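**Q** First the structure, which I've put down as structure tokens, then a few questions once you've had a look.
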Amino acid sequence: MKVATWNVNSLTARWPRVQEWLTLHEPDVVLVQETKQTDEKFPFAALAALGYDAAHHGQGRWNGVAIFSRTELSDVQRGLGDDVEARFIAATCRGLRFHSCYVPNGRALDDPHYDYKLRWLESLRVLLVERDRAQPLIVGGDFNVALSDLDVYDPSAFVGATHVSAPERAAFRALLDTDLVDLGRLDNADEPAFTWWDYRNGSFRRGWGLRIDYLLADAAIASRVSEVRVDRVARKGEKPSDHAPVLAQFDW
DNA sequence: ATGTCCGTAACCTACGGA
0 MKVATWNVNS LTARWPRVQE WLTLHEPDVV LVQETKQTDE KFPFAALAAL GYDAAHHGQG
60 RWNGVAIFSR TELSDVQRGL GDDVEARFIA ATCRGLRFHS CYVPNGRALD DPHYDYKLRW
120 LESLRVLLVE RDRAQPLIVG GDFNVALSDL DVYDPSAFVG ATHVSAPERA AFRALLDTDL
180 VDLGRLDNAD EPAFTWWDYR NGSFRRGWGL RIDYLLADAA IASRVSEVRV DRVARKGEKP
240 SDHAPVLAQF DW
């Protein structure tokens, strides 16, 4: 089974790239963030033509999360707790529980949005603590946290910034402490494996990236993983998203 | 620190958000 997570930064603007990418990689399940679409605009029919069932939690101008699947999705949960923004969707297929997450950015350490980010991560932790351990699960998405300094191109440039602060990293680690494995570091303890590069400053060309997109899985799945990689090709070319997809393959 | 991109509202430009 091939699973991916990808912050597309507008499914409307990215649709040609997304369509091309699905045809090329033929993933079984894709966890999508920042569709920036209402449910009315979401391309259900075009996805069906490509062989994908889909579930969407849309908002409109901002946010929006989705799951694409080659097999039928069931038990869709839209939203996390009382969150009013469209940042979480979960669904089941082939006995696996999938979660697509778009964690709040935080903006700045003294911004109310930063507290919202920490509360949001805590809500996700509670959901994961209370999960049915008998059901294998994958949690993926744009977490807007670089877990360690290896996940930052230049840690000195991020002193006092969001994405790297101790509380954010602790909140992220608390998710892993519910017995989840960071698949991006499963067989890769030393390489940066960035997933996001700012559109400005020629960041991609200069290698100025962050690893903020993750696939997390429980031990049952992690033990079956054969390959995990970042598809940097998707960050190149015409009208790319500022995020690259993370792909994982496992025997299921 | 910011050289870009996205969607929106309102119009051929500005703004919030990332």
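Numbering of the first sequence is given in numbering that gives the first Met the number 0, commencing with residue 0 and proceeding in unit increments. Glycine residues also receive a C-beta, built at the ideal position from the N, C-alpha and C atoms. These numbers were taken from a predicted model, which means no experiment stands behind them.
Quick check on N6: does DSSP put it in helix, strand or coil?
**A** Note: N6 maps to strand in three-state DSSP.
**Q** What three-state label does DSSP hand A158 in the structure shown?
**A** Before going on, a small fix: residue 158 reads as Val here, not Ala. Reduced to three states, the DSSP call for V158 is coil.
**Q** When burial is assigned at 16 or more other CB atoms within 10 Å of the CB, is H112 buried or exposed?
**A** That one is exposed.
**Q** Using 10 angstroms around the beta-carbon of L209, count the other beta-carbons present and answer buried if the total reaches 16, otherwise exposed.
**A** That one is buried.
**Q** From the DSSP output, which residues share a beta bridge with I88?
**A** Paired residues: R77 and S99.
**Q** What residue ranges within the segment 186-217 form continuous beta strand (DSSP E) runs of no fewer than 3 residues, ordered along the chain?
**A** The qualifying runs are 212-216.
**Q** Write down every uninterrupted run of the alpha helix (DSSP H) in the segment 22-80 whose length is 4 residues or greater and which is fully enclosed by it, in chain order.
**A** The qualifying runs are 43-48.
**Q** What ranges does the beta strand (DSSP E) occupy inside the segment 214-242, keeping only unbroken runs of at least 3 residues that lie completely in it?
**A** If we require 3 residues or more, the beta strand (DSSP E) runs fully inside the segment 214-242 come out as 224-229.
**Q** Excluding the 5 residues preceding and the 5 following V128 in the sequence, name in chain order all residues of the same chain whose CB lies nearer than 6 Å to its CB.
**A** Correct list, in chain order: T177.
**Q** Grouping DSSP H, G and I as helix and E and B as strand, with all else coil, what is A107?
**A** The answer is coil: DSSP assigns A107 none of H, G, I, E or B.
**Q** Determine, using beta carbons only, whether L120 and A170 come nearer to each other than 8 Å.
**A** Yes, the Cβ-Cβ distance between L120 and A170 is below 8 Å.
**Q** Output needed for S73: all residues of its chain with C-beta closer than 8 Å, excluding positions within five of it in sequence on either side, in chain order.
**A** These residues qualify, in order along the chain: A90, T91 and C92.
**Q** Out of F97, D110 and Q58, state which residue places its alpha-carbon closest to the alpha-carbon of R86.
**A** With distances taken between Cα atoms, R86 lies closest to Q58.
**Q** Using alpha carbons as the reference points, say which of A12, G201, R13 and L182 lies closest to V229.
**A** The shortest C-alpha separation from V229 is found at L182.
**Q** Would you say V28 and I66 are within 8 Å of each other, going by their C-beta atoms?
**A** Cβ atoms of V28 and I66: closer than 8 Å.
**Q** Give the range of the beta strand (DSSP E) segment to which A145 is assigned.
**A** Note, A145: premise wrong, no beta strand (DSSP E); not H, not E.
**Q** If you drop the 5 nearest sequence neighbours on each side, which residues of the same chain put their C-beta closer than 8 Å to that of G140?
**A** If we look at G140 and ignore the five residues flanking it on each side, its Cβ neighbours are T4, N6, L30, Q32, V64, H98, S99, C100, Y101, V102, D212 and Y213.
**Q** Determine whether the beta carbon atoms of N104 and N62 lie at a separation below 8 Å.
**A** Contact: no.
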